[in-house]
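Peer 1:
Number of protein chains: 2
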Amino acid sequence: MDFIGAPDISHGVVERRFDVAGDSGVVPGILWTPEDAAGARPLVLVGHGGTGHKRMPYVLSFARRLVRHRGYAVAAIDGPGHGDRAQAELSGDRPPSAGIPREFLSSIADAADSMTADWTTTLKELRALDEVGTGPLGYWGLSMGTMLGAPFVAATPEVRCAVLGLMGTFEDSNPWTTAAARISCPVLFLVQIDDELVPPAKALALFRTIGSTDKRLHAHPGPHAAVPLEEVEASEAFLAHHLG
Amino acid sequence: MDFIGAPDISHGVVERRFDVAGDSGVVPGILWTPEDAAGARPLVLVGHGGTGHKRMPYVLSFARRLVRHRGYAVAAIDGPGHGDRAQAELSGDRPPSAGIPREFLSSIADAADSMTADWTTTLKELRALDEVGTGPLGYWGLSMGTMLGAPFVAATPEVRCAVLGLMGTFEDSNPWTTAAARISCPVLFLVQIDDELVPPAKALALFRTIGSTDKRLHAHPGPHAAVPLEEVEASEAFLAHHLG
Chain A
182 MDFIGAPDIS HGVVERRFDV AGDSGVVPGI LWTPEDAAGA RPLVLVGHGG
232 TGHKRMPYVL SFARRLVRHR GYAVAAIDGP GHGDRAQAEL SGDRPPSAGI
282 PREFLSSIAD AADSMTADWT TTLKELRALD EVGTGPLGYW GLSMGTMLGA
332 PFVAATPEVR CAVLGLMGTF EDSNPWTTAA ARISCPVLFL VQIDDELVPP
382 AKALALFRTI GSTDKRLHAH PGPHAAVPLE EVEASEAFLA HHLG
Chain B
182 MDFIGAPDIS HGVVERRFDV AGDSGVVPGI LWTPEDAAGA RPLVLVGHGG
232 TGHKRMPYVL SFARRLVRHR GYAVAAIDGP GHGDRAQAEL SGDRPPSAGI
282 PREFLSSIAD AADSMTADWT TTLKELRALD EVGTGPLGYW GLSMGTMLGA
332 PFVAATPEVR CAVLGLMGTF EDSNPWTTAA ARISCPVLFL VQIDDELVPP
382 AKALALFRTI GSTDKRLHAH PGPHAAVPLE EVEASEAFLA HHLG
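Written as structure tokens, this is what we have:
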């Protein structure tokens, strides 16, 4: 793990840009930890949404929240074709109300295995840091963060709990649905009932597929990107309940 | 309001059986208040489920919880044809997995107006008690407690928040759906995704109909009657957030 540049320290949160050598190239990431952190602590891995990146506003604010309120370590990496790994065809703007393009669904499906490998490599290197160590592990990722996160969570028994959602079971090839059936940790699943990209019936179908017996679904009015603060707070409380 | 018999006092909770003279006969109810309560406090009205009554186990335990944890007043009345107003055809056992009998749906629909009148009369008399007074008002009722509660909540602007659920929009005449569109207070709506009586798609349709902009749906695995403790706790927190 190579740290890039000087740490950024703001209001008690240390932010460090890192690169990890993945199986299929460099994996760019960010680690947030409390200032003066020493010793093992809970770690939350955050998967960003489609067309976003590891430091998109909601990732940044959620990471800072967990560090400041709970003293956790939080890490995010760019998804394949996103952020510092951008490819024009994946990170461009979408026309509004066009649904999720079929090519996007299939490209993310194709990337699921390599993203799981990237998270696994990143996790191993984060564990080697004194200020992260082998504390309890959680995952938080909505939309593309669920498409790419469910396979990682299913493949990683040490994940103690996961917040997923804003995604559904589509007829196209979707490794996240296959993976969901193999997830057994407690899950909080978020739904937007006016989601223009993921019909609630498809979201409910994915929720049903999740193998965990300890799972709950929280739904709110509004479009895909309008998850309310209430669920940011619920996410924090859910993670804290399971990670300590 | 006539109190029937001596108060029952247990672990700080005073339980009093009362009768109120309703428009269409005596309305039998129970009031729970903290021991030594004096002065106005939040009041929560609890609507019980079909085939149940005002002192069925979950009503009793939820009422005692709100009194002991929050110092609230809580009241429940028997639904038409239930409890001390029982009619054999409504309070009998149902065969499992038979769905909600069409006759039950239509009899409860027919009772909605008189139950709203009963709640309104009861509320007025409760308000006259020093230990209840004119504090903030909430409603909690699932299944039949929503069928008969949504019309009352819609007709009662002083209700500050409501917990509803385990009910849906059925094709039959259903005043609860009509009423839902007129509800504007914050709502927590509970769903069981394996509900053998209310298909989740119908529950989602009813949730969508609720007029409030401030509403959220929480869903869990399991059948109709298996609402987990987590949602009892969420109900208490939701009521406390709005009633103080």
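Protein chains in written order, with our numbering: chain A, 182 to 425; chain B, 182 to 425. Cβ coordinates follow ideal geometry from the N, Cα and C atoms, glycine included.
Hey, how far is the Cα of A360 (chain B) from the Cα of L212 (chain A)?
Peer 2: What you label residue 360 (chain B) is simply residue 179 of the second sequence in a count that begins at 1. What you label residue 212 (chain A) is simply residue 31 of the first sequence in a count that begins at 1. When rounded, the distance between both Cα atoms is 50 Å.
Peer 1: Contact criterion: CB-CB distance below 8 Å. Does I364 (chain A) meet it with respect to chain B?
Peer 2: Numbered from its first residue, the first sequence carries residue 364 (chain A) at position 183. Taking Cβ atoms only, chain B never reaches closer than 8 Å to I364 (chain A), which makes this a no.
Peer 1: For S272 (chain B), would you say it is in contact with chain A, using Cβ-to-Cβ distances shorter than 8 Å as the test?
Peer 2: Taking the second sequence and counting its residues from 1, one reaches residue 272 (chain B) at position 91. With a pLDDT of 44 at S272 (chain B), under the threshold of 50, the predicted position of this residue should be treated as unreliable, though the coordinate-derived value follows. No, S272 (chain B) lies away from the interface with chain A (no Cβ there is under 8 Å from its Cβ).
Peer 1: Output the distance between the C-alpha atoms of T232 (chain A) and E412 (chain A), rounded to the nearest integer angstrom.
Peer 2: Mapped onto the first sequence, residue 232 (chain A) falls at position 51. Mapped onto the first sequence, residue 412 (chain A) falls at position 231. Looking at the two C-alpha atoms, the distance is approximately 22 Å.
Peer 1: At a Cβ threshold of 8 Å, is E411 (chain A) touching chain B?
Peer 2: Residue mapping note: residue 411 (chain A) aligns to position 230 of the first sequence, counting from 1. At least one chain B Cβ lies under 8 Å of E411 (chain A).
Peer 1: DSSP three-state label for A219 (chain A), please.
Peer 2: Position 38 of the first sequence, counted from the start, is the residue given in the question as residue 219 (chain A). A219 (chain A) falls in the coil class under three-state DSSP.
Peer 1: Check whether chain B comes within 8 Å of K396 (chain A), counting only Cβ atoms and requiring the distance to be less than that.
Peer 2: As a first step, residue 396 (chain A) must be located in the first sequence, where it is residue number 215. By this cut-off, K396 (chain A) is an interface position.
Peer 1: DSSP on D376 (chain B), reduced to helix/strand/coil?
Peer 2: Position 195 of the second sequence holds residue 376 (chain B). Three-state result, D376 (chain B): coil.
Peer 1: Drop a sphere of 10 angstroms on the beta-carbon of D299 (chain A), count the other beta-carbons inside from all chains shown, and report buried for 16 or more, exposed for fewer.
Peer 2: If you number the first sequence from 1, residue 299 (chain A) lands on position 118. D299 (chain A) is buried by the Cβ-count criterion.
Peer 1: Looking at the C-beta of R389 (chain A), does it have a partner C-beta in chain B at a distance below 8 Å?
Peer 2: As a first step, residue 389 (chain A) is located in the first sequence; it is residue number 208 there, counting from the start. Judged by the 8 Å Cβ criterion, R389 (chain A) is in contact with chain B.
Peer 1: Am I right that V225 (chain A) and G319 (chain A) are in contact with their C-beta atoms under 8 Å? What's the rounded C-beta distance?
Peer 2: Counted from its first residue, the first sequence places residue 225 (chain A) at position 44. Counted from its first residue, the first sequence places residue 319 (chain A) at position 138. Their Cβ separation, rounded to whole angstroms, is 5 Å, which keeps V225 (chain A) and G319 (chain A) in contact under 8 Å.
Peer 1: Using a C-beta cutoff of 8 Å, does P381 (chain B) count as contacting chain A?
Peer 2: By one-based count along the second sequence, residue 381 (chain B) stands at place 200. Cβ-Cβ to chain A under 8 Å: yes for P381 (chain B).
Peer 1: Which of the three DSSP states is assigned to E196 (chain B) in this structure?
Peer 2: Start at 1 with the first residue of the second sequence, and residue 196 (chain B) comes out as number 15. E196 (chain B) falls in the strand class under three-state DSSP.
Peer 1: Count Cβ pairs between the stretch 194-214 of chain B and the stretch 360-372 of chain A that sit closer than 8 Å; are there 3 or more?
Peer 2: Touching, no, given that fewer than three Cβ pairs across the two stretches are closer than 8 Å.
Peer 1: When you compare the stretch 344-359 of chain B with the stretch 370-380 of chain B, are there three or more beta-carbon pairs, one atom per stretch, that lie closer than 8 Å?
Peer 2: These segments touch.
Peer 1: Residues of chain A with CB closer than 9 Å to the CB of L385 (chain B), please, in chain order.
Peer 2: Counting from 1 along the second sequence, the entry for residue 385 (chain B) is found at position 204. Chain A residues near L385 (chain B): I374, P381, A382, L385, A400.
Peer 1: Straight-line CA distance for A218 (chain B) to S416 (chain B)?
Peer 2: As a first step, residue 218 (chain B) is located in the second sequence; it is residue number 37 there, counting from the start. As a first step, residue 416 (chain B) is located in the second sequence; it is residue number 235 there, counting from the start. So the two alpha carbons sit approximately 23 Å from each other.
Peer 1: Can the beta-carbon of L247 (chain B) be found less than 8 Å from the beta-carbon of V240 (chain B)?
Peer 2: Here residue 247 (chain B) refers to the residue found at position 66 of the second sequence. Here residue 240 (chain B) refers to the residue found at position 59 of the second sequence. Against a cut-off of 8 Å, the Cβ pair of V240 (chain B) and L247 (chain B) comes out as no contact.
Peer 1: Residue range of the beta strand (DSSP E) that S191 (chain B) falls in?
Peer 2: Position 10 of the second sequence holds residue 191 (chain B). S191 (chain B) -> beta strand (DSSP E) spans 183-191.
Peer 1: Ordered along the chain, which non-local residues of its own chain (more than five positions away) have a Cβ less than 8 Å from that of R236 (chain B)?
Peer 2: On the second sequence, residue 236 (chain B) is found 55 positions in, with the first residue counted as 1. Answer for R236 (chain B): I211, A257, G264, listed in chain order.
Peer 1: Taking K235 (chain B) as part of the alpha helix (DSSP H), name the residues at either end of that continuous run.
Peer 2: Counting from 1 along the second sequence, the entry for residue 235 (chain B) is found at position 54. No alpha helix (DSSP H) contains K235 (chain B), which DSSP labels as neither H nor E.
Peer 1: Going by DSSP in three states, R245 (chain B) sits in which element: helix, strand or coil?
Peer 2: As a working mapping, residue 245 (chain B) is identified with position 64 in the second sequence. If DSSP states are grouped into helix, strand and coil, R245 (chain B) belongs with the helices.
Peer 1: Excluding sequence positions up to five away, which residues of its chain have a Cβ less than 8 Å from the Cβ of P317 (chain A)?
Peer 2: On the first sequence, position 136 is the one that residue 317 (chain A) refers to. Excluding positions up to five away in sequence, the list reads P223, L224, R341, H423, L424, G425.
Peer 1: Report the three-state DSSP secondary structure of I211 (chain A) (helix, strand or coil).
Peer 2: For this step, residue 211 (chain A) is matched to residue 30 along the first sequence. Three-state result, I211 (chain A): strand.
Peer 1: Excluding the 5 residues flanking D294 (chain A) on each side, which residues of the same chain have their C-beta closer than 8 Å to its C-beta?
Peer 2: Numbered from 1 along the first sequence, position 113 holds the residue referred to as residue 294 (chain A). So the qualifying residues of the chain are P332, P356.
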